[in-house]
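Under our numbering, residues 12 to 491 are what the sequence shown spells out, in order. Note that CB positions come from ideal geometry on N, CA and C, so glycine has one too. As the structure is a prediction and not an experimental result, all values here were calculated from the model.
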Amino acid sequence: QSPIARPTFFFFFLSHTFDNDIDWNYTGHGMLWAYNLNYFDFLQQEEVTRQSGLTLIKDFISFGSKHKIAFDPYPNALRIINWVKFFSKYEIKDQEILDSLWAQLKILEDNPEYHLMGNHLLEDGFGLLIGAAFFKEEKLYKKAKKLVQKELEEQILSDGGHFELAPMYHCTLLWRLLDVIHAMEHSTFKADATFYHFLVAKAGSMLGWLQEMTFSNGDIPLVNDSAFGIAPSPEALLGYGRALKIAPIPKGLSHSGYRKWKYGNTEILMDVGAIGPDYIPGHAHSDTLNFLIYQNGIPFLVDTGISTYEKNAQRNLERSTASHNVVQIDDWDQSEVWGGFRVARRAKVKVLKDSPSEIVASHNGFRRKGGSHERTFRIQNDAFIIKDVVKKPEGAKARAYFHFHPDIQPNIKGDSVSTTLGNLHFEGARSLQLKEYDYNDVFNGPRKAKRLVVVFENELESRVEFHKLENTFTSRTLRP
């Protein structure tokens, strides 16, 4: 009988109530849900008291040899961080619990995820560092410090962005980094000024990148593997930084490949960069030369988002070329996404012009089929213009996709589309068609929305003209 009567856990808009004992191996909602159960992030919730937290921890320990998921390095690392934060807050001295934490730390020390690299390895390092400082274990601290320093130098780009180019993961890693800095400030274990200042500088540049990427209503762009409700919000992270006296250091969007224009009440994010690091594109999508538009703080043209990490057809669809505001030739993907977290035959980008009012870039993702694509983004007389030029085999179809937010209801009138936020006009279009798609701004919460498919021959000019409205949407509220 579980010490907590019928405990209910809620992750990714999916809940599960355990009738008796908590099954820490429960995978009925998929592996990502199971991982979150084992992270113990819920220890940081305001309603979790000292006693209820200890009860959950002891239940986890009593599960013993039945654990199959808990000691995978990633959930193990995050659980170590959460347990240390909880133990420090309530000054927990229970030897059985401390012995369990020590055993988990030693398991993580023997199994850092060098085979996966990227955000997993960095979070392993954060877990080792916080655990070593908690137990005042100098040898492990030195090893963890070396790992964290190496990975931060490699993974945080010169403009402050995380190299996997997914804002959700950027926020998660920034949160953990701020946790490490906070722990170092309150640790009696070791004064390490040089390393501390290195961490603060990285956090400042990451805060600066986040500040530049965030839309005026507080949304992160849902590019690559990103969704709302997973990582702390930009507002929360900037507040955490202020509490630690770490100011954002904006360096301008550059190395990460993103560009952002803001004029009047219009915000436009464009992607003219690589899909991600060559050796770890697991969170990348086939979305080269993608763009998003917010008008008056309202999402207008959007990314379709993600709803699942299960390796299935839905996951492949959400990563595909046709699920982004880009051009596709026939049914070819720019980059070949497969296996849930794999990418083959990756599109390479060439930026031909990069100015504050005009960007020209091309990619070679269609080269194997004898095709090419060049796209120009331009601001002209308060309108946003996208010009697409493709080369393709005779008979192949070129399609440009425009994904509207679910709250936007577009209407086709000839070669134009009207909406409440603005109108789109097309030159060179052979046909315009509205289709329905699933918009996923949260995991497991699809909403129906409209996608415009514009078929053209070799050149298409798309002109977006915006209505001047009062800014009536300044903050975002998560759907229940």
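Asked                                                                                                              : Found
Inter-stretch contact (C-beta, 8 Å, three-pair minimum) for the segment 340-354 and the segment 256-267            : no
Candidates Gly406, Gly382, Gly287, Arg386: closest to Arg353 by CA position                                        : Gly287
Whole-angstrom distance between Ser99 and Asp83, CA atom to CA atom                                                : 24 Å
Helix, strand or coil at Ser429 according to DSSP, with G and I counted as helix                                   : strand
Cα-Cα separation, Pro367 to Thr387                                                                                 : 13 Å
Element boundaries [beta strand (DSSP E), containing Ile396]                                                       : 394-402
Under the three-state DSSP convention, the category Gln12 falls into                                               : For Gln12, the predicted model reports a pLDDT of 38, less than 50, meaning its position is unreliable; a value from the coordinates is still stated below. In the structure shown, Gln12 sits in coil (DSSP, three-state: anything other than H, G, I, E or B).
Boundaries (first-last residue) of the beta strand (DSSP E) holding Pro310                                         : 309-312
Three-state secondary structure assigned by DSSP to Tyr37                                                          : coil
Pair within 9 Å by beta-carbon distance, Tyr320 and Gly41                                                          : yes
Simplified DSSP assignment, three categories, for Glu58                                                            : coil
For Ser111 and Ala212, the rounded distance between their alpha carbons                                            : 34 Å
Burial state of Thr225 (16 or more Cβ within 10 Å)                                                                 : buried
Rounded distance between the beta-carbons of Arg330 and Ser297, thought under 8 Å                                  : 6 Å
Local conformation of Arg326 per DSSP, three classes                                                               : helix
Asp365 beta carbon less than 9 Å from that of Arg270                                                               : yes
Simplified DSSP assignment, three categories, for Phe239                                                           : coil
C-alpha gap between Ile91 and Val360, whole angstroms                                                              : 40 Å
Three-way DSSP call (helix, strand, coil) for Ile72 in this model                                                  : helix
CB contact flag (Lys380, Lys408, <9 Å)                                                                             : no
Separation of Leu445 from Glu165, as counted between CA atoms                                                      : 43 Å
Cβ pair Ser318, Pro457 closer than 9 Å                                                                             : yes
Top-ranked residue by Cα proximity to Gly293, from Phe302, Val348, Pro243, Val313                                  : Val348
For His208, the three-state DSSP class (helix, strand or coil)                                                     : helix
Range covered by the alpha helix (DSSP H) that runs through Ser111                                                 : 106-121
Val428 and Ser442 closer than 9 Å at C-beta                                                                        : no
9 Å Cβ cutoff met for Leu168 and Gly138                                                                            : no
Beta-carbon spacing of Ala5, Val453 below 9 Å                                                                      : Residue 5 falls outside the range modelled here, since the chain spans only 12 to 491, and no answer is possible.
Ala355 - partner residues in DSSP beta bridges                                                                     : Glu347
Sub-9 Å separation of Lys201 and Tyr152 beta-carbons                                                               : yes
Close-in-space but distant-in-sequence residues of the same chain around Phe302 (CB under 8 Å, 5 per side omitted) : Ile279, Leu280, Met281, Asp282, Leu312, Asn336, Phe388, Ile397
Beta-carbon proximity check, Gly433 vs Val371, cutoff 9 Å                                                          : no
Inter-stretch contact (C-beta, 8 Å, three-pair minimum) for the segment 24-34 and the segment 52-65                : no
With 16 other Cβ atoms within 10 Å as the buried cut-off, status of Val95                                          : buried
Integer-rounded CB distance, given that Val401 should sit under 8 Å from Val384                                    : For the record, residue 384 in the displayed sequence is His; it is not Val. Indeed, because the Cβ distance is near 5 Å, the residues count as touching under 8 Å.
Between the CA atoms of Asp70 and Leu185 - distance to the nearest angstrom                                        : 30 Å
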